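Per the working numbering, residue 169 is the first one in the sequence shown, and the count goes up by one each step.
For each residue, glycine too, the CB sits at the ideal point set by N, CA and C.
In this text, all values refer to a predicted model and were calculated from it rather than measured experimentally.
To keep things clear, I will list the structure first and then write my remarks on it.
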Amino acid sequence: ADLEGLRDAAKRLGRNDVAELAQDALTMAALAEEAKRSEARAMLQDAEGLSEVVDVISDATGQGWSDIADEAVGVLRTKVEAALCECDSSALSEVVAAHHVAKEKNAHAGLQVTRDALASRVSGFFRSQDA
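The following block contains the structure:
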């Protein structure tokens, strides 16, 4: 915003050289932002563990990239569901670990996904015990 103001003021004052420099800086900033977004998307695609997906949610949310954060939440939800279908303790431990990472990073969307999945798993356990 400051660079845009500088560019616009320079144009009004007839200082095209300054306006061009400000525009170049704006272009570089936009390219850097797009590179960071691409890196976040690549991290999401490469994420093997649940905690890595939570990291992407946290980073994307912090940067204001709601589209990437939403995509990461969907990936987390799918991975959590798959992990809980495995019915083994290591998969459950991974979900619990991701829950703790989400809590530490204040990643509310990730926390909600893991909390809901764990609650569902616990209630399913008690239903099977009651049957």
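Residues near residue i in its chain [Cβ-Cβ closer than 7 Å; skip 5 each side]
i: ARG209; result: ILE236
i: ASP227; result: ALA208
i: LYS247; result: LEU218 and VAL221
Cβ-based neighbour list, residue i, same chain, cut-off 8 Å, excluding 5 preceding and 5 following
i: VAL241; result: ILE225, ALA277, GLY278 and VAL281
Pick from the options that is closest to residue i, judged by C-alpha positions
i: LYS204; options: VAL264, GLY232 and THR246; result: GLY232
i: LEU171; options: ALA190, ALA178 and ALA177; result: ALA190
i: ALA287; options: LEU260, GLU272 and VAL269; result: LEU260
i: GLU216; options: GLY173, GLU262, GLY292 and THR195; result: GLU262
i: VAL243; options: ASP214, SER257 and THR195; result: ASP214
i: ASP223; options: SER258, GLU254, VAL269 and GLU202; result: VAL269
i: VAL186; options: THR195, ARG175 and LEU194; result: ARG175
Delimiting residues of the alpha helix (DSSP H) encompassing residue i
i: LYS247; result: 234-253
i: ASN184; result: 184-214
i: LEU174; result: 170-180
i: ALA266; result: 257-272
i: MET228; result: Looking at the sequence shown, residue 228 is not Met but Ala. Here the alpha helix (DSSP H) through ALA228 covers 218-231.
Nearest-angstrom Cα separation, counted from residue j out to residue i
i: GLU249; j: ALA285; result: 7 Å
i: MET211; j: LEU181; result: 45 Å
i: ASP192; j: SER206; result: 21 Å
i: ASN274; j: GLU188; result: 41 Å
i: ALA197; j: LYS271; result: 32 Å
i: ALA177; j: THR229; result: 33 Å
i: LEU199; j: GLY173; result: 19 Å
Contact set for residue i: own chain, Cβ-Cβ below 6 Å, skip 5 residues either direction
i: HIS267; result: THR282
i: ARG289; result: LEU252
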